[in-house]
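Using this note's numbering, read the sequence shown as starting at 49 and increasing by one per residue.
The beta-carbon is built from N, C-alpha and C at its ideal position, and this holds for glycine as well.
What follows is a short report on a single structure.
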Amino acid sequence: MNIDFDPGRARSYVLLTEVYGSSRKAIESNLTKVKVGYNNYQFNRSNSAANSLQAVMKGVIPLSQTNQNVRKCLLPCSGTFNYRIISGTSRLSPHSFGIAIDLASDKRDYWKWASKEEGGKRLATYPNELVKIFETNGFIWGGKWSHFDILHFEYRPEIILKARYFTNSVDQKNSWYEGAPLQQVDIKNAIEKIDALIK
């Protein structure tokens, strides 16, 4: 956890409201239920967010049945949709958009609850296979933040896409999206929308 390095914790609210809803009513109209363990939780269906969480559960539930550490970190889920302001700010939580899930809570999971050393010990035992399944499905993990939030996963496919396929350098000879997997329909559609807007 590098000091003050919180990749993905800064959010573009213009993007979030455009994609997931610009008011509580609009967001709530986009919510659907996703089964997490034995319970159903509300998640935004826009931008394949709910489908991605379902895909995560399809991977982690069987894993949790054979791996006690995964089960302990996964369940009981601490929640998904919760329309609220981030404490100490005037900004909406990503939970307000129905794109974040908090897994089983541990007193060492959050930077305001635990020291960096306690958080580091928790991270050392957190199952990498659980994180990988979330990241494969477009989620970022609060365990990678200096201001750690280890139980928090947030659907941010735009950040995962950038981290996987785009660097900070731009080659003027190639398209800005050179190297992206255009055979994946959702990625191709997103790139076409962005490309149309910047031309």
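For K192, is the classification buried or exposed, using 16 other Cβ atoms within 10 angstroms of its Cβ as the cut-off for buried? K192 comes out buried.
C-alpha distance - S141 paired with A58, whole-angstrom precision: 11 Å
Which of the three DSSP states is assigned to E226 in this structure? Assigned with DSSP and collapsed to three states, E226 falls in coil, not helix or strand.
Rounded distance between the beta-carbons of G186 and S100, thought under 8 Å: 5 Å
Straight-line CA distance for M105 to S94? 18 Å
Under a three-way DSSP split, which group does H255 fall into? For the chain, the structure presents residues 49 to 247; residue 255 sits outside this window and is missing.
Identity of the residue in W224, K180, N78 nearest L111 by Cα: K180
Distance, Cα to Cα, N78 vs G69? 8 Å
CA-CA distance, F145 and I208? 18 Å
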